[in-house]
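Q: Let me begin by handing over the structure; questions about it come next.
Residue numbers (the working numbering): 18 to 385.
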């Protein structure tokens with residue numbers, strides 16, 4: 018996606034409409050293989066996610082299995098048509114939910130808002146920094162999952178990256194199956210129904226933050242090479258395109274969240290259209306890689322329609338308790354845990370360990 022292009026999704030919360038409808042599915046047995054039941058919801062959708070999908074299976078669904086998966090998802094009519102046409106897309110969408118959910122929780126594990134999904138519908142109606150991150154990490158996860166699905170053969174209509182625009186050297190052989198980010202970006206625009214943003218300020222902000230997520234994935238696309246030759250001479254190199262681990266993308270987006278820019282609307286004197294404007298830094302306004310927000314976030318200290326608050330949250334006594342507990346103080350409890358200790362290797366092929374009990378202090382935020 019080139020700088021300046023804007024992806025518009027009329028309802029940004031549909032980024033998470035890849036969660037299953039509760040009236041279509043029953044709860045899974047928590048002991049069932051490859052299913053991990055959770056009590057949370059899809060990352061940015063309004064429908065519950067009844068389980069956290071296991072990582073990709075090796076083979077895409079066959080026959081009409083993918084049609085059933087598409088019907089079980091809350092998608093716009095046009096998106097559902099695309100899902101039916103592309104076996105493997107439904108599983109890819111679910112994988113993107115898994116990626117974004119886990120990464121969001123990890124990046125905000127020590128924050129007052131810890132990516133709790135309760136009240137996310139209310140959160141997405143506002144212009145907070147947290148809203149910006151949710152949109153960015155969701156679009157990034159979808160872009161990443163699509164590229165990986167192409168290179169692994171889980172989607173029939175796309176293949177490996179063929180490295181367009183790369184300056185080939187005579188000693189290079191383009192091989193291995195590269196992550197196809199070019200197709201991923203193109204398909205994502207189609208899936209999201211990209212078009213120029215309307216004059217609505219919130220639509221512009223949401224679209225900008227969606228694009229920040231896509232660009233974050235693109236920035237992590239690297240050329241990886243493997244040498245071949247006698248005694249490691251590297252006479253020939255086999256190269257391919259490879260995405261960075263999604264955790265790297267999540268870390269970058271968390272940095273964008275920490276340095277997010279507050280914006281407001283201005284009227285372009287030449288066109289009369291509403292545009293985004295932010296504080297000028299070094300002679301420039303906000304950049305295409307900046308997350309932007311419209312209003313200050315709540316404290317997230319107390320239960321509200323945006324989060325369950327921080328009461329009962331675990332914290333680190335010397336680093337996070339003061340901030341996380343919002344001045345209410347914290348409770349201290351002693352927990353006993355068992356672990357293997359004093360292990361010794363016995364000839365020839367086994368290890369003997371003793372069982373030790375460790376006592377440790379655990380700190381949790383008080384309610385009042």
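The C-beta atom is built at its ideal place from N, Cα and C for all residues, glycine as well.
Keep in mind the model is a prediction, meaning the values are calculated, not measured.
1) Taking the alpha-carbon of residue 230 as reference, which of 131, 120, 253 has the nearest alpha-carbon?
2) With DSSP as the reference, label residue 151 as helix, strand or coil.
3) Can you tell me the Cα-Cα spacing of residue 373 and residue 359, whole angstroms?
4) Could you tell me whether the Cβ atoms of residue 205 and residue 233 are closer together than 7 Å?
5) So, using beta-carbon positions, are residue 325 and residue 135 closer together than 7 Å?
6) Among the residues of its own chain, which have a CB less than 6 Å from the CB of residue 328, if the five just before and after it don't count?
7) Considering residue 15, what are the terminal residues of the alpha helix (DSSP H) in which it resides?
8) Whose C-alpha, out of 306, 244, 280, is nearest the C-alpha of residue 313?
9) Determine, using beta carbons only, whether residue 272 and residue 161 come nearer to each other than 7 Å.
10) Output needed for residue 243: all residues of its chain with C-beta closer than 6 Å, excluding positions within five of it in sequence on either side, in chain order.
11) Going by C-alpha to C-alpha distance, which of 260, 344, 238 sits closest to residue 129?
12) Can we say the stretch 82-93 touches the stretch 136-156, given the rule of at least three CB pairs closer than 8 Å?
13) Return the residue from the list 367, 335, 331, 86 that minimises the CA-CA distance to residue 379.
14) How should residue 266 be labelled, buried or exposed, when 16 other C-beta atoms within 10 angstroms of its C-beta is the threshold for buried?
15) Identify, in the order they occur along the chain, each residue of the same chain with its Cβ nearer than 6 Å to the Cβ of residue 167, setting aside the five sequence neighbours on each side.
16) DSSP on residue 33, reduced to helix/strand/coil?
17) Taking 7 Å as the cut-off, decide whether the C-beta atoms of residue 387 and residue 227 are in contact.
18) Quick check on DSSP: helix, strand or coil for residue 356?
19) Given this structure, state the Cα-to-Cα distance separating residue 393 from residue 208, to the nearest angstrom.
20) Kindly list the residues whose CB is nearer than 7 Å to the CB of residue 164, restricted to its own chain and excluding five residues on each side of it in sequence; keep chain order.
21) Between which two residues does the alpha helix (DSSP H) holding residue 88 run?
22) Rounding to the nearest angstrom, what Cα-Cα distance links residue 85 and residue 203 in this structure?
23) Using the Cα positions of residue 335 and residue 348, report the straight-line distance between them to the nearest angstrom.
24) Between which two residues does the beta strand (DSSP E) harbouring residue 381 extend?
A: If we stick to the structure as given:
1) Here residue 230 is taken as the residue at index 213 of the chain shown, counted from 1. For residue 230, the closest alpha carbon among the candidates 131, 120, 253 is that of 120.
2) As a working mapping, residue 151 is identified with position 134 in the chain shown. DSSP places residue 151 in helix when its eight states are reduced to three.
3) Taking the chain shown and counting its residues from 1, the one referred to as residue 373 is at position 356. Taking the chain shown and counting its residues from 1, the one referred to as residue 359 is at position 342. When rounded, the distance between both Cα atoms is 9 Å.
4) Taking the chain shown and counting its residues from 1, one reaches residue 205 at position 188. Taking the chain shown and counting its residues from 1, one reaches residue 233 at position 216. Contact flag unset, no.
5) If you number the chain shown from 1, residue 325 lands on position 308. If you number the chain shown from 1, residue 135 lands on position 118. In this structure, residue 135 lies closer than 7 Å to residue 325 by Cβ.
6) The residue labelled residue 328 in the question sits at position 311 within the chain shown. Once the five neighbours on either side are set aside, the close Cβ partners of residue 328 are 382, 384.
7) No answer is possible for residue 15: the residues shown for the chain start at 18 and end at 385.
8) Counting from one through the chain shown, the residue named residue 313 turns up at place 296. Ranking 306, 244, 280 by Cα distance to residue 313 puts 280 first.
9) As a working mapping, residue 272 is identified with position 255 in the chain shown. As a working mapping, residue 161 is identified with position 144 in the chain shown. No, the pair does not count as a contact, with Cβ atoms beyond the cut-off.
10) For the purposes of this step, residue 243 is taken as residue 226 along the chain shown, with counting starting at 1. Once the five neighbours on either side are set aside, the close Cβ partners of residue 243 are 255.
11) Here residue 129 corresponds to residue number 112 of the chain shown, with the count starting at 1. Cα-wise, what sits closest to residue 129 is 344.
12) No, the stretch 82-93 is not in contact with the stretch 136-156.
13) Working through the chain shown from its first residue, we reach residue 379 at position 362. Among 367, 335, 331, 86, the Cα nearest to that of residue 379 belongs to 331.
14) Taking the first residue of the chain shown as position 1, residue 266 is located at position 249. Its Cβ being crowded by 16 or more others within 10 Å, residue 266 is buried.
15) Numbered from 1 along the chain shown, position 150 holds the residue referred to as residue 167. Counting only Cβ-Cβ distances below 6 Å, and skipping sequence neighbours, we find 175, 197, 200.
16) For the purposes of this step, residue 33 is taken as residue 16 along the chain shown, with counting starting at 1. At residue 33, the pLDDT of 45 sits below 50, so the modelled position is not reliable; the number obtained from the coordinates is stated separately. Helix.
17) Nothing can be reported for residue 387: it is not among the residues displayed for the chain, which extend from 18 to 385.
18) Position 339 of the chain shown, counted from the first residue, corresponds to residue 356. Three-state DSSP puts residue 356 in a strand.
19) This structure does not reach residue 393, given that the chain is present from 18 up to 385, and the question cannot be answered.
20) If you number the chain shown from 1, residue 164 lands on position 147. Cβ within range, chain order: 196, 197, 198, 201, 260.
21) As a position in the chain shown, residue 88 is number 71, starting the count at 1. 82-88 is the span of the alpha helix (DSSP H), which, as asked, contains residue 88.
22) On the chain shown, position 68 is the one that residue 85 refers to. On the chain shown, position 186 is the one that residue 203 refers to. When rounded, the distance between both Cα atoms is 25 Å.
23) Within the chain shown, residue 335 is the residue found at index 318, counting from 1. Within the chain shown, residue 348 is the residue found at index 331, counting from 1. One C-alpha to the other measures close to 14 Å.
24) Working through the chain shown from its first residue, we reach residue 381 at position 364. Looking at the DSSP string, the run of the beta strand (DSSP E) that includes residue 381 is 367-382.
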